[in-house]
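A.B. asks: Residue 808 in the UniProt record's numbering sits at position 808 of the sequence shown, with consecutive numbering throughout. Idealized CB from N, CA, C, for every residue including glycine.
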Amino acid sequence: MIPGFISLDCGRAEGSSYIEKTTTINYISDAAFIKSGVIQSIMPKYRAGFQQQATFLRSFPEGIRNCYTLTIKKGTKYFFRTSFLYGNYDGLNKNTIKFDLHIGPNYWDTVTITSDSVFVFKEMIYTPPQDYVHVCLVNTGSGTPFIQAIELRPLKNNTYMIYDSGALSHYAAVDTGSTTNSTYRYPYDALDRFWSPQNDEAWTQLTTSLTVDSDGHKNDYWLPPIVMNNAAVPIDKDGSLRFNVSSSDKNIGYYVYLHFAELQLIKPNESRAFNFYVNGKLMYGPIVPKYLTTLTIHALTPLTGQSQYNFSLTKLQNSTLPPILNAIEIYSSLDFSQSETHQDDVEAIMGIKSTYDVKKNWDGDPCVPLKYLWAGLNCSNDILKPPRIRSLDLSSSGLSGSISEHISKLTMLESLDLSDNNLTGFVPDFLSSLPNLRVLNLKRNMLTGSVPASLLEKSKNGLLLVNFGENQDLLCGLSTPCVNKKKKNILIPIATSFGGLIILLIIVAIIVLTLKNRKNKIASSNFQTDSLIDHESKKRQFTYSEVTKMTNNFEKVLGKGGFGYVFHGIINDDGTQVAVKMLSQLSNHGYQQFLAEVKVLMRVHHRNLTSLVGYCNEESNKALIYEYIANGSLDSHLSQGVGNNKDILSWEERLQIAIDAAQGLEYLHNGCKPPIVHRDVKTSNILITDNFHAKIADFGLSRIFPTDNGTHISTVVAGTVGYFDPEYYIKNRLNEKSDVYSFGVVLLEIITSRPVISVAQDKRTHLKDWVSVMIANGDINDIVDPRLRGHFKINSVWKAVEISMACLAHSSITRPNMNQVVCELKECLKHDDDVDDEEDDQRNLLASLSDSRRVRISPSLTGPFTFLMMKRF
1 MIPGFISLDC GRAEGSSYIE KTTTINYISD AAFIKSGVIQ SIMPKYRAGF
51 QQQATFLRSF PEGIRNCYTL TIKKGTKYFF RTSFLYGNYD GLNKNTIKFD
101 LHIGPNYWDT VTITSDSVFV FKEMIYTPPQ DYVHVCLVNT GSGTPFIQAI
151 ELRPLKNNTY MIYDSGALSH YAAVDTGSTT NSTYRYPYDA LDRFWSPQND
201 EAWTQLTTSL TVDSDGHKND YWLPPIVMNN AAVPIDKDGS LRFNVSSSDK
251 NIGYYVYLHF AELQLIKPNE SRAFNFYVNG KLMYGPIVPK YLTTLTIHAL
301 TPLTGQSQYN FSLTKLQNST LPPILNAIEI YSSLDFSQSE THQDDVEAIM
351 GIKSTYDVKK NWDGDPCVPL KYLWAGLNCS NDILKPPRIR SLDLSSSGLS
401 GSISEHISKL TMLESLDLSD NNLTGFVPDF LSSLPNLRVL NLKRNMLTGS
451 VPASLLEKSK NGLLLVNFGE NQDLLCGLST PCVNKKKKNI LIPIATSFGG
501 LIILLIIVAI IVLTLKNRKN KIASSNFQTD SLIDHESKKR QFTYSEVTKM
551 TNNFEKVLGK GGFGYVFHGI INDDGTQVAV KMLSQLSNHG YQQFLAEVKV
601 LMRVHHRNLT SLVGYCNEES NKALIYEYIA NGSLDSHLSQ GVGNNKDILS
651 WEERLQIAID AAQGLEYLHN GCKPPIVHRD VKTSNILITD NFHAKIADFG
701 LSRIFPTDNG THISTVVAGT VGYFDPEYYI KNRLNEKSDV YSFGVVLLEI
751 ITSRPVISVA QDKRTHLKDW VSVMIANGDI NDIVDPRLRG HFKINSVWKA
801 VEISMACLAH SSITRPNMNQ VVCELKECLK HDDDVDDEED DQRNLLASLS
851 DSRRVRISPS LTGPFTFLMM KRF
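#1: Report the three-state DSSP secondary structure of W374 (helix, strand or coil).
#2: Applying the criterion that 16 or more other CB atoms from any shown protein chain within 10 Å of the CB defines a buried residue, is T341 buried or exposed?
#3: Measuring alpha carbon to alpha carbon, tell me which residue in I252, T114, P129 is nearest L168.
#4: According to DSSP, is R58 helix, strand or coil?
#5: Start and end of the beta strand (DSSP E) containing M124?
#6: Does the CB of D739 have a neighbour CB from chain C at under 7 Å?
#7: Kindly indicate which residue of K218, G239, E627, N199 has the alpha-carbon position closest to the one of A232.
#8: Which term fits V580, buried or exposed, when burial requires 16 or more other beta carbons within 10 angstroms of its beta carbon?
#9: Grab me the residues of A172's own chain with a C-beta within less than 6 Å of its C-beta, minus the 5 sequence neighbours each way, in chain order.
#10: Here's the rule: buried if 16 or more other CB atoms are within 10 angstroms of the residue's CB, otherwise exposed. What is L317?
#11: How close, in whole Å, do the beta carbons of H791 and S650 come, if the pair is a contact with beta carbons under 8 Å?
#12: Can you give me the start and stop residues for the beta strand (DSSP E) that D393 sits inside?
#13: State the DSSP-derived secondary structure class of K21, mapped to helix, strand or coil.
#14: Work out the CA separation of I629 and A694 for me, nearest whole Å.
#15: Between E336 and the rest of its own chain, which residues show a CB-CB distance below 6 Å, the 5 nearest in sequence each way excluded?
#16: By the three-class DSSP mapping on this structure, what secondary structure does K695 have?
#17: For a minimum of 4 consecutive residues, which ranges assigned as the alpha helix (DSSP H) are wholly contained in the stretch 215 to 275?
#18: Which parts of the stretch 624 to 677 are runs of the alpha helix (DSSP H), unbroken and 4 residues or longer, counting only runs that do not cross its ends?
#19: What residue does the beta strand (DSSP E) around S29 start on, and which one ends it?
#20: Quick check: L57 and C10, are their CB atoms within less than 7 Å of each other?
#21: List the whole-angstrom C-beta distance separating V681 from S772, where the pair is believed to meet the contact cut-off of C-beta under 8 Å.
#22: Straight-line CA distance for S400 to M350?
#23: Return the first residue and the last residue of the alpha helix (DSSP H) that S169 is part of.
#24: Where does N471 fall in DSSP's three states?
#25: Suppose only complete runs of 4+ residues qualify. What are the alpha helix (DSSP H) ranges in the stretch 549 to 588, listed by chain order?
#26: Looking at the strands, I want to know which residues DSSP matches up with C379.
#27: Would DSSP call M774 helix, strand or coil?
#28: From which residue to which residue does the alpha helix (DSSP H) around A149 run?
#29: Rounded to a whole number of angstroms, what is the C-alpha to C-alpha distance between Q40 and Y46?
#30: Looking at the unbroken alpha helix (DSSP H) that takes in E802, where does it start and where does it end?
#31: Using a 10 Å radius around the Cβ and a threshold of 16 neighbouring Cβ atoms, would you call S17 buried or exposed?
#32: Grab the span of the beta strand (DSSP E) containing K77 for me, first residue to last.
#33: Suppose you measure from the CA of T140 to the CA of Y89; what does that come to, to the nearest Å?
#34: Go through the stretch 600 to 626 residue by residue and report every complete run of the beta strand (DSSP E) that reaches 3 residues or more, in order.
#35: Using alpha carbons as the reference points, say which of S380, A327, L321, L423 lies closest to T411.
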């Protein structure tokens with residue numbers, strides 16, 4: 001068994017365990033992982049044919065949200081499975097039961113039970129951000145939640161790639177070549193996935209007695225040999241393999257994983273090659289499976305926007321053998337963008353819960369979702385940061401013992417009420433060290449000793465409102481006793497009612513100002529900018545009604561992306577034009593990107609980055625409000641037809657745009673402390689101003705790059721196909737050189753005006769590969785945008801090409817940094833200006849020479865910038 005398996009039999013007697021005979025998996029009782037619930041068992045008549053974990057269950061008739069807390073290995077990707085079998089355990093013969101599943105603060109799925117004898121499984125893939133994870137059952141009013149088993153299986157982190165803070169919901173795992181019509185799991189599958197058989201009347205099976213991947217798991221998806229040793233092929237040798245997926249929601253994103261292995265020893269006069277199409281569009285190809293070796297292909301971004309997806313594997317014309325398919329996996333994307341409560345606060349409040357054995361329904365995440373906020377807590381609702389606990393009310397909660405030191409870790413606490421309990425011992429000095437504490441109520445306990453001088457000093461200065469009333473033998477100072485008469489509350493410092501009112505008003509004013517200042521100080525002082533104060537003063541939060549007004553009820557659409565629609569707007573108070581990007585409520589990852597973009601843009605300011613005017617965060621209505629950029633995105637200027645020479649960007653304008661974009665990235669990498677990696681540098685995210693300068697936009701995928709973490713951070717891949725850094729994609733190691741690679745692709749687009757991925761005769765070619773071939777030929781006219789019609793300087797273009805190819809080095813170590821890129825591009829522009837008119841004649845002469853006379857540039861550059869000066873003839 002793979003180390004790290006977690007297998008809980010829910011409802012099994014505490015401390016018990018067993019090995020399930022059919023799978024050899026070891027199951028343990030769930031009692032140590034949850035404090036609530038009632039142990040039940042299904043009716044005996046439903047037990048036959050099921051594994052042992054079906055017999056018992058844990059139901060939750062009390063409370064709305066009941067949560068398991070599982071200790072896991074932080075940063076590890078897991079396959080989650082939860083199991084449910086009604087089995088008429090309650091004797092009520094219910095027809096339908098519905099309840100929700102949550103992972104921490106995020107909604108996972110709804111469990112719907114319509115039969116008392118059918119197992120329901122909910123499966124997903126997720127990387128928990130902490131060393132624990134909460135699996136919660138939520139009562140939605142349609143029946144009592146219950147559960148039979150919880151299973152977690154560790155996966156390799158470079159498999160099943162998903163966006164940050166996202167998860168994948170399991171849709172299907174299909175054994176397309178099944179000859180036994182059986183479902184397989186562990187021990188056949190080392191990762192304990194369920195593989196279900198599926199056949200089609202247009203398919204037949206191809207099998208082998210040999211073992212696929214017999215030399216070990218070189219494929220990180222660890223496909224079971226019993227599945228891979230069989231494959232589906234079309235009965236018609238010239239036919240295609242077809243299957244489809246229907247979606248009830250066009251906004252759901254689907255990830256499809258196709259697994260291939262050649263099972264025939266291909267003869268010299270035979271070949272098997274085919275393409276993969278989705279709804280008639282080529283997605284991948286040609287695919288040539290290797291003999292007895294697993295090949296896995298999948299899209300880098302989810303399929304979305306359609307109600308049905310028709311998949312087809314179609315052989316190439318020169319292929320003698322039909323397509324082959326061994327297995328399919330399909331997942332849908334989950335939005336897990338809701339941040340968990342700050343880890344320090346979680347540890348503190350869990351320590352308090354354990355110390356006092358709090359009987360409240362404290363389960364799951366303390367602060368979120370807001371609907372399930374723990375009783376007695378009030379938390380911050382800052383969209384830029386994880387929730388923090390701001391007030392704690394444990395009055396009349398039966399607490400005994402001393403005041404817990406765990407309270408000292410609630411550093412954002414503003415109000416603490418421990419009144420009307422049986423607390424004993426001294427008033428701890430750490431209470432005065434809580435930097436935000438403004439109200440402290442300890443009345444009617446059994447505290448003794450002296451009040452710490454630091455607390456007295458804070459109260460005398462009006463910084464803290466305290467109440468120690470009716471605590472036996474509690475002294476106000478080292479020698480002066482507090483007034484101890486029963487039922488008399490003591491307010492320190494003692495003052496007249498008028499004086500107390502003044503102090504109270506001062507305290508309230510301080511709290512209001514503190515909260516206001518905290519809201520206005522979202523931007524960190526660690527991010528360097530010459531005009532931070534002026535910039536931040538222009539940023540503000542808008543209401544949804546203000547957004548509706550500024551867009552004239554969303555009249556003019558500027559564009560649309562994965563986030564949602566972008567509308568033109570005018571701020572009435574000064575007539576400023578803005579672009580308003582509204583978050584679609586159906587966007588899978590929109591809220592996460594909304595948070596990320598606000599975090600970045602509220603902190604940075606540079607002339608080559610789009611400015612954030614403000615934002616709207618009003619319940620389900622969320623928007624980002626930017627400065628309006630008149631000339632749209634760079635890709636729209638580069639993608640005009642070759643025959644269209646109207647408003648074509650000149651070579652000088654292209655160089656200036658490249659310099660501007662490079663300067664924006666250089667600021668993110670070097671001008672921000674800690675640095676920021678954009679992660680989605682592409683021409684559609686570079687906007688052109690009315691004077692044809694460039695600004696980088698769309699920071700929804702940006703990541704802060706802590707300088708104390710070494711040379712990289714490990715994270716799942718995000719970005720756009722064609723711009724991915726191959727090193728980042730393979731190793732999941734992100735650093736600023738990933739942006740450098742993407743910029744190299746952008747620079748090639750600026751030079752050539754060609755698409756990043758071109759398709760010709762069913763072959764996909766990356767722009768980098770096409771340019772490499774052209775470089776070997778040494779003909780500049782075949783590389784540069786033909787619409788420029790020779791209006792450029794040869795040396796300047798060659799240097800720009802060399803800069804881009806240096807950025808596209810496979811190893812990040814050999815790529816230049818953005819500071820070097822900026823310097824070289826400026827030299828490129830300067831060289832373009834300095835070359836005299838004679839160069840124009842030489843360019844024309846060069847273009848007319850035969851191939852044997854052309855100056856060539858080496859395709860293997862020896863350094864970041866190996867610029868070969870063109871010789872004069």
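C.D. replies: Here's the rundown:
#1: DSSP places W374 in coil when its eight states are reduced to three.
#2: Taking a 10 Å sphere around the C-beta of T341, we find 16 or more other C-beta atoms and assign the residue as buried.
#3: For L168, the closest alpha carbon among the candidates I252, T114, P129 is that of I252.
#4: The answer is strand: DSSP assigns R58 an E or B state.
#5: Start and end: 120 to 126.
#6: This model lacks chain C altogether, as it is built from one protein chain only.
#7: Comparing Cα-Cα distances from A232 to each of K218, G239, E627, N199, the minimum goes to N199.
#8: Classification of V580: buried, given that the 10 Å Cβ count is 16 or more.
#9: Once the five neighbours on either side are set aside, the close Cβ partners of A172 are I330.
#10: The amino acid at residue 317 is misidentified as Leu; the sequence shows Gln. Residue burial is scored here from C-beta neighbours: Q317 has fewer than 16 other C-beta atoms within 10 angstroms and is therefore classed as exposed.
#11: With 8 Å as the limit, H791 and S650 qualify as a contact, their Cβ atoms being about 7 Å apart.
#12: Residues 389 to 393.
#13: Note: K21 maps to coil in three-state DSSP.
#14: A straight-line Cα-Cα distance of about 9 Å links A694 and I629.
#15: According to the sequence displayed, residue 336 carries Phe and not Glu. Counting only Cβ-Cβ distances below 6 Å, and skipping sequence neighbours, we find N106, S165, G166, A167.
#16: Note: K695 maps to strand in three-state DSSP.
#17: Within the stretch 215 to 275, the complete alpha helix (DSSP H) runs of at least 4 residues are 225 to 228.
#18: Counting only runs of 4+ residues, the alpha helix (DSSP H) found wholly inside the stretch 624 to 677 occupies 634 to 638, 651 to 666, in chain order.
#19: Residues 26 to 29.
#20: L57 is a Cβ neighbour of C10, given a cutoff of 7 Å.
#21: That pair is no contact at about 21 Å.
#22: Their backbone Cα atoms lie some 17 Å apart in a straight line.
#23: If you look at S169, you'll find it isn't in any alpha helix (DSSP H); it sits in the beta strand (DSSP E) that goes 166 to 175.
#24: In this structure, N471 counts as coil in the three-state DSSP scheme.
#25: With a minimum length of 4 residues, no continuous alpha helix (DSSP H) run stays inside the stretch 549 to 588.
#26: Here C379 is bridged, per DSSP, to I389.
#27: Note: M774 maps to helix in three-state DSSP.
#28: Not the alpha helix (DSSP H): A149 falls in the beta strand (DSSP E), residues 149 to 155.
#29: Inter-residue distance for Q40 and Y46 is about 14 Å (C-alpha atoms, whole angstroms).
#30: Where E802 is concerned, the enclosing alpha helix (DSSP H) stretches over 794 to 807.
#31: Label assigned to S17: exposed.
#32: Residues 77 to 84.
#33: Between the alpha carbons of T140 and Y89 lies a distance of about 20 Å.
#34: Within the stretch 600 to 626, the runs of beta strand (DSSP E) at least 3 residues long that lie entirely inside it are, in chain order, 612 to 618.
#35: The closest CA to that of T411, considering only S380, A327, L321, L423, is found on S380.
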